[in-house]
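Trainee: Here it is: the structure, laid out below.
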Amino acid sequence: MIASLRPLREPNAISAISVQAFWCRRRFELTVRRRGPRDHTIYTWSVVEVDAEGNPLEQGLMADSASRTFNSPEDAYWDASETVQVAISQP
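All residue numbers for the sequence shown refer to numbering that gives the first Met the number 0, where the first residue is 0 and numbers rise by one.
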């Protein structure tokens, strides 16, 4: 389990966690969100490329999980990670 995402698994806890991540010397803010009732919780993600102060870059990468949902916050995080890595590896 990714420690910073652990609070999303707790009932009645926060509904979103944002973490800063670095890929290929670029900085991103990745947010994992919890949705749905306690017995059918799903997770989604969004990511935005940011500068050193955390401000979104005007021409930076922005992406989200769209209609894809995940059964755990970790699955959402790893899907976001893979999506960003593919996007920034393309010319």
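Glycine included, every Cβ here is placed at the ideal spot set by N, Cα and C. Computed from a predicted structure; not experimentally measured.
According to DSSP, is S3 helix, strand or coil?
Mentor: helix
Trainee: Identify every residue that forms a DSSP beta bridge with A75.
Mentor: Its beta-bridge partners do not exist; DSSP assigns none.
Trainee: In whole angstroms, what separates the C-alpha of D70 from that of G53?
Mentor: The displayed chain sequence assigns Asn, not Asp, to residue 70. Spanning the two alpha carbons is a distance of roughly 28 angstroms.
Trainee: Can you tell me whether DSSP reads S45 as helix, strand or coil?
Mentor: strand
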